[in-house]
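Written below as structure tokens is the structure these notes are about.
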């Protein structure tokens, strides 16, 4: 085993295994049940959507005829354990999705089978049979009495055998911390063909297929008391690792990914997994996928399941670069760095900027941070001015007490100032067009600073417009100018309607419709109808169609396809479900056509955004009245091939053409509009549970655009769809931003528009406009209820009523779970360890304070109970939360239950969070 690049001798792995995918052939440690198709069906029977099912040549053969082929197994009985696997040796003609269902009972609508008890896996097409290993973690069922295998949902297949095996070593442990190699007993490979085995000063695991997962012994860990998995590890390659967890009384496993530092050096990896749905009750197994690279060398020094962060202070520069996206020579330009700490708290942090000759730092070169914790990245910024245009190389040194300094470097491009007179208006757009209509999705979610708040921790995403007010018509004018000057024809605007209630229309109604330049950019409705069930109806359909006709279709800017207003619909399946089936849905689409024609239009061009994953589904859409389909994103095949929700954008580029081809092949007479993906990295919304597509750059985005152009040209298509331009929280954006400025839009234009003398990329400051930033929200730490009628952002549920008057928030509980809750906080727990509540109550009872963090939702584990005096007098209830393990990180919400029964009268004078 190589220890190159500074790998410490510890647990070392060569990674080659895919969880739930093709596995290396090897003899299992114990076969519980096996069915070999060496001449008989062995009790397996064909269900629907299958043809040509027969046993021949020592295999069970068949062919999928539709999207849901079914093979039903015989009845048996087997005790279920968390370490059993189902293995299938199978050959398939097509790469496609397969599914395994299991049940512990034969009762129920589907013979005991359900979506709760299944696992999907990807089957690779090819001439050779492969072994697919599925890990169901079905122990909570107690026993297994039947399997159902849904083979690949397209093409032919041949199954040689199916078996249930158990590879794990026997025994369990009460330990929750391991130092290797001494404490390595009981750790095993979930998918590996070898190991772990003892080597000199290390434990070696060698595998034969990608993505190995090192599994723990059977555990007895109380999840709520131990929300961290802490690893000291060195990795030579890869982008991300993953932690898997299995709970005692829950089906399946769940995982959280974490970014790697693949430099071959030992680092802390403190993974907060307390927010996972399956990190509940007693955790009986964890797994560690140390890297997603098949050629990674990994050395693990220690693993601990802990109540808090472990390991020494370790600083990292997460981002170092420009603030504004575009910088002009001889004008102030922002430089920022975002710092993180993956270990224990750092004190007295200094960040020092260095610049070359000819560049001036406008202020102190050294910035300070008093305290930097694991839970909260922090940023510091400088203003610099370059006397010349061209590239400027800047460098950074960060130091803190008791830990090694870290450095970083960045290149900033300064362009000449634009010789343009200042103006009261955004300059007239100079549209650039190519041979295709380029339709891009637009998310109108940025009308309030509370929406931007989670994005502030990601300075590389800061728009060139700043943290802008999306309802400002001048902001819309800039967006229109930048879009049409880079080849975009129209925006497909996320539009929200549920039973007549509309929301998030500030951009469309207040900004775009009042903008000076709206005539340059078309737009269309993308009805985001992911509403709650049973909110679609015949009457509602008439109403929504009438609203479109009366308010939108008459606009000259409304986008038309074949002379008809286009409407894109997110969830055709929701409509179909709510109105009683496909036939009734078809009647409603026909009604819309009639209403549009009666109003003087040629009809409506309906485009489906989902429910088009098979030929049968496309056939249904066409019969209902759809004429085309597309999707919001185009990374589905890449994610499937990666077998992970953390994968590189290069894989999106590599799989895009195949994704488009598959869509055209199943289209069944519908027009397919190819989608150019704009990425996904939703950490601001989902933190450790985020899907993250890594490594998106202007260059590989440009390659994707060129691939789409070539595909559309070859297929004779007229419309290409581009992913969201401004999903800043989901990480899907190409509107000009800090890290890359206009580079994404420039790549889009270069791919889809003929070469020419393109208009310059102007920014607001070039013409004396802006800034457009919304005011920052003050960090609120106290609520005194001095303004009548103002609850100070505290909301209620249906179990209490309250009013604010005479300096008090007064109310009466009307149910058994009354609560007051405030969201949108931004408090570092370590700096605010106390909460004081001054309150009176009509009855003695138990009150409870809950809190939520950026990583943990409010729960019993994130709460404290305290006794309330029922004497009708005010009392100060001082809660010291510094000893609570879950009062950590960044507090984003508080919830106060003033009592736990109805009929209690209470009044609150103030609530304060203090140091």
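Numbering (this note's numbering), first residue to last: 419 to 1333. Glycine included, C-beta positions come from ideal geometry on N, C-alpha and C.
Simplified DSSP state of residue i, which is helix, strand or coil
| i | result |
| --- | --- |
| residue 835 | coil |
| residue 991 | helix |
| residue 1255 | strand |
| residue 1030 | coil |
| residue 1103 | helix |
| residue 1129 | helix |
| residue 619 | Since pLDDT at residue 619 reaches only 49, below the 50 mark, its modelled position is unreliable, and the value read off the structure follows with that caveat. Coil, per DSSP. |
| residue 974 | coil |
| residue 551 | strand |
| residue 531 | coil |
| residue 1002 | helix |
| residue 1007 | helix |
| residue 1266 | strand |
| residue 1152 | coil |
| residue 1286 | strand |
| residue 671 | coil |
| residue 641 | helix |
| residue 1013 | helix |
| residue 878 | helix |
Which listed residue (the options) has its alpha carbon closest to that of residue i
| i | options | result |
| --- | --- | --- |
| residue 1148 | 1028, 1011, 1101 | 1101 |
| residue 450 | 581, 576, 516, 544 | 581 |
| residue 891 | 1033, 702, 1188 | 1188 |
| residue 1071 | 1041, 1119, 1099, 1105 | 1119 |
| residue 807 | 478, 818, 793, 832 | 832 |
| residue 1111 | 1123, 1057, 1126 | 1057 |
| residue 992 | 1121, 961, 967, 1039 | 1039 |
| residue 1275 | 1265, 1239, 1297, 1228 | 1239 |
| residue 997 | 908, 481, 953 | 953 |
| residue 1269 | 780, 1282, 1135, 584 | 1282 |
| residue 901 | 848, 925, 1015 | 848 |
| residue 1042 | 1020, 1257, 1062, 1001 | 1001 |
| residue 537 | 779, 933, 520 | 520 |
| residue 469 | 459, 488, 453, 455 | 488 |
| residue 1165 | 1183, 1182, 1123, 1154 | 1123 |
Whole-Å CB distance - residue i paired with residue j, under 8 Å assumed
| i | j | result |
| --- | --- | --- |
| residue 1092 | residue 1139 | 7 Å |
| residue 1259 | residue 1322 | 6 Å |
| residue 990 | residue 1028 | 7 Å |
| residue 889 | residue 946 | Rounded, the Cβ-Cβ distance is 19 Å, inconsistent with contact. |
| residue 812 | residue 773 | 5 Å |
| residue 985 | residue 966 | 7 Å |
| residue 701 | residue 665 | 6 Å |
| residue 607 | residue 632 | 6 Å |
| residue 565 | residue 491 | 4 Å |
| residue 1310 | residue 1243 | 5 Å |
Beta bridge counterpart(s) of residue i as assigned by DSSP
| i | result |
| --- | --- |
| residue 518 | 537, 567 |
| residue 478 | 473, 577 |
| residue 816 | 769, 824 |
| residue 1067 | None, per the DSSP bridge assignment. |
| residue 886 | 1191 |
| residue 1293 | 1257 |
| residue 686 | 650 |
| residue 633 | 606, 705 |
| residue 1326 | 1227, 1257 |
| residue 909 | 858, 941 |
| residue 1249 | DSSP, once it has assigned bridges, lists no residue as partnering residue 1249. |
| residue 737 | 756 |
Counting pairs of Cβ atoms below 8 Å between the segment 711 to 727 and the segment 744 to 752, do you hit three or more? no
Under 8 Å, with one C-beta from each stretch per pair, do the segment 1188 to 1201 and the segment 1305 to 1325 reach the 3-pair mark? no
Can at least three beta-carbon pairs, one atom from the segment 566 to 573 and one from the segment 500 to 519, be found at a separation below 8 Å? Counting Cβ pairs under 8 Å, three or more are found: they touch.
Inter-stretch contact (C-beta, 8 Å, three-pair minimum) for the segment 685 to 694 and the segment 640 to 654: yes
So, does the segment 1173 to 1181 touch the segment 853 to 868, judging by three or more C-beta pairs under 8 Å? no
At a cut of 8 Å, does the segment 791 to 804 reach the segment 834 to 846 through at least three beta carbon pairs? As far as the Cβ criterion goes, the segment 791 to 804 does not touch the segment 834 to 846, which means the pair count is below three.
Say whether the segment 1201 to 1213 touches the segment 1225 to 1238, bearing in mind that this needs 3 or more beta-carbon pairs closer than 8 Å, one atom from each stretch. yes
Does the segment 1121 to 1133 touch the segment 875 to 886, meaning 3 or more C-beta pairs lie closer than 8 Å? In short, these stretches do not touch, since the Cβ pair count stays below three.
Can we say the segment 494 to 502 touches the segment 473 to 480, given the rule of at least three CB pairs closer than 8 Å? no
Does the segment 540 to 551 come into contact with the segment 500 to 509, if we say contact requires no fewer than three beta-carbon pairs (one atom in each stretch) closer than 8 Å? yes
Specify whether the segment 910 to 928 and the segment 858 to 868 touch according to this definition: at least 3 beta carbon pairs, one from each stretch, less than 8 Å apart. Yes: the two stretches touch, three or more of their Cβ pairs being nearer than 8 Å.
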